[in-house]
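**Student:**
Protein chains in written order, with our numbering: chain A, 22 to 134; chain B, 284 to 392.
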């Protein structure tokens, strides 16, 4: 069972470059999320998609865009990468019910020079 | 004030002892509460969730919720060195999970 799959696992970018982080889930979940994790900061929500066709901003959306391509896939795009976006990015999925937990992918470690 | 607060630790306990991890939250409308374990360099994995006042037990783990005090805790009995990790408290608020900064637990043999 794959669960939540993120690609790539590692990436190094130069300031100003763009890239898209991919996320796919095979659990038929309605909701998907993107987080970033920085040392001592816990997980902070960037964007989420409560259901196919909807996206909403989270706590730290600036500098990012998202696309809910279909029920399985939710991508995160950095249009012009900045060193402050160096972080570990996690994608997660869940059912809509507030009592259902989120399941996480393995993460993408992104460094911006 | 952060919406979900945890002591960052590190919390150090000897092998076989009870580890007690605490979390407070600010939104009284919060509906459900989750504990995740995260090993260094890995993704968070779910340990427990609770949404009713009281205790919920699963093996060596017990989650405790007190909505009046806006407090949720995780007890780990018979702690093992393999329990050494960062424990993240997460609170569901309006369909979104708000995470605390995590508590680092170290279990010494």
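Here a beta-carbon is modelled for each residue, glycine too, at the ideal position from N, C-alpha and C. Please read all numbers here as calculations on a predicted model, not as lab measurements.
Can a CB atom of chain B be found closer than 8 Å to the CB of residue 123(A)?
**Tutor:** Taking the first residue of the first chain as 1, we reach residue 123(A) at position 102. Interface residue, yes.
**Student:** When DSSP labels each residue in this structure, what does residue 366(B) get in the three-state scheme?
**Tutor:** Walking along the second chain from the start, residue 366(B) turns up at place 83. In the structure shown, residue 366(B) sits in a helix (DSSP, three-state: H, G or I).
**Student:** Could you tell me whether any Cβ in chain A is nearer than 8 Å to the Cβ of residue 225(B)?
**Tutor:** Because chain B spans 284 through 392 in this model, residue 225(B) falls outside it and cannot be assessed.
**Student:** Determine the closest residue to residue 25(A) out of 132(A), 110(A) and 79(A), with distance taken between C-alpha atoms.
**Tutor:** One-based indexing of the first chain puts residue 25(A) at position 4. Nearest option by C-alpha distance: 110(A).
**Student:** With a threshold of 16 other CB atoms inside 10 Å of the CB of residue 61(A), please say whether the residue is buried or exposed.
**Tutor:** Your numbering for residue 61(A) matches position 40 in the first chain. The residue is exposed, with fewer than 16 neighbouring Cβ atoms inside 10 Å.
**Student:** Keeping to the same chain, check which residues put their C-beta closer than 7 Å to that of residue 341(B); ignore five residues upstream and five downstream.
**Tutor:** Residue 341(B) sits at position 58 when you count from the first residue of the second chain. Contacts found: 331.
**Student:** Let me see if you follow: with CB-CB separation under 8 Å, is residue 293(B) close to chain A or not?
**Tutor:** Translated into the one-based positions of the second chain, residue 293(B) becomes position 10. No, because no Cβ of chain A sits closer than 8 Å to the Cβ of residue 293(B).
**Student:** What are the boundary residues of the beta strand (DSSP E) that residue 94(A) is part of?
**Tutor:** Position 73 of the first chain, counting from 1, holds the residue named residue 94(A). Run containing residue 94(A): none; DSSP gives neither H nor E here.
**Student:** With 16 other CB atoms within 10 Å as the buried threshold, where does residue 41(A) fall?
**Tutor:** The residue given as residue 41(A) occupies position 20 in the first chain. Counting Cβ neighbours within 10 Å, residue 41(A) comes out exposed, since fewer than 16 surround it.
**Student:** Out of curiosity, what's the CA-to-CA distance linking residue 122(A) and residue 33(A)?
**Tutor:** Start at 1 with the first residue of the first chain, and residue 122(A) comes out as number 101. Start at 1 with the first residue of the first chain, and residue 33(A) comes out as number 12. Cα to Cα, the separation comes out at about 31 Å.
**Student:** Residues of the region 307–328 of chain B in Cβ contact with chain A at a cutoff of 7 Å, in chain order, please.
**Tutor:** 314, 315, 317, 326 and 327
**Student:** Sorted by chain position, which residues of the same chain lie with C-beta nearer than 8 Å to residue 72(A)'s C-beta, five sequence neighbours on each side aside?
**Tutor:** Numbered from 1 along the first chain, position 51 holds the residue referred to as residue 72(A). Result list for residue 72(A): 51, 52 and 117, in chain order.
**Student:** Do you know how far the Cα of residue 380(B) is from the Cα of residue 371(B)?
**Tutor:** Within the second chain, residue 371(B) is the residue found at index 88, counting from 1. Within the second chain, residue 380(B) is the residue found at index 97, counting from 1. Cα to Cα, residue 371(B) sits roughly 11 Å from residue 380(B).
**Student:** Under 8 Å by Cβ, that's how I've got residue 97(A) and residue 84(A) pegged, so tell me the actual separation to the nearest angstrom.
**Tutor:** Residue 97(A) sits at position 76 when you count from the first residue of the first chain. Residue 84(A) sits at position 63 when you count from the first residue of the first chain. About 11 Å; that fails the 8 Å criterion.
**Student:** Run down chain B in chain order and give the residues with a C-beta less than 8 Å from the C-beta of residue 131(A).
**Tutor:** As a first step, residue 131(A) must be located in the first chain, where it is residue number 110. Ordered by position in chain B, no residue passes the 8 Å Cβ test against residue 131(A), which lies about 14 Å from the chain.
**Student:** So which residues on chain B does residue 69(A) lean against when the C-beta distance must stay under 7 Å?
**Tutor:** By 1-based counting over the first chain, the position of residue 69(A) is 48. The answer, in chain order, is 379.
**Student:** So is residue 95(A) in contact with chain B if we call contact Cβ pairs under 8 Å?
**Tutor:** Here residue 95(A) is taken as the residue at index 74 of the first chain, counted from 1. No, because no Cβ of chain B sits closer than 8 Å to the Cβ of residue 95(A).
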